[in-house]
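Residue numbers (the UniProt record's numbering): 1 to 111.
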């Protein structure tokens, strides 16, 4: 894929995907923490069995979403990393704004 305009476009797209998935993953982690606090509160207050079971189901669902978003983020960062490698081989893109932005987003996602 040595077509420079296509590489630029793909860098923007893949960078946006990684940025969105990184944000999504953080939100799912936050939601899981909130659900855990809610479940702990139900247990401490001796809430009805239904409330505790429902809280447990919600917690399980939040954990599934964390795993799913982590997998999607990992795949997207791998694709972006490969694309950055291809873009670095192109002299026209070596110091382009798109490449620098993609590298910054990749660093944030891997931190």
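All residues carry an ideal CB built from backbone N, CA and C; glycine is no exception.
Beta carbon of residue i nearer than 8 Å to that of residue j
i	j	result
residue 94	residue 15	no
residue 73	residue 25	yes
residue 11	residue 90	no
residue 130	residue 59	Outside the shown range of the chain, which is 1 to 111, sits residue 130, and nothing can be said about it.
residue 56	residue 110	no
residue 106	residue 17	no
residue 63	residue 32	yes
The alpha helix (DSSP H) enclosing residue i, as first and last residue numbers
i	result
residue 73	49-88
residue 44	4-45
residue 92	Premise fails: residue 92 is in no alpha helix (DSSP H) and is neither H nor E.
Option in the options with minimal Cα separation from residue i
i	options	result
residue 108	3, 20, 9 and 5	20
residue 61	46, 28, 45 and 43	28
residue 6	31, 41 and 83	83
residue 4	104, 111, 96 and 106	96
residue 13	79, 31 and 92	79
residue 68	46, 22 and 104	22
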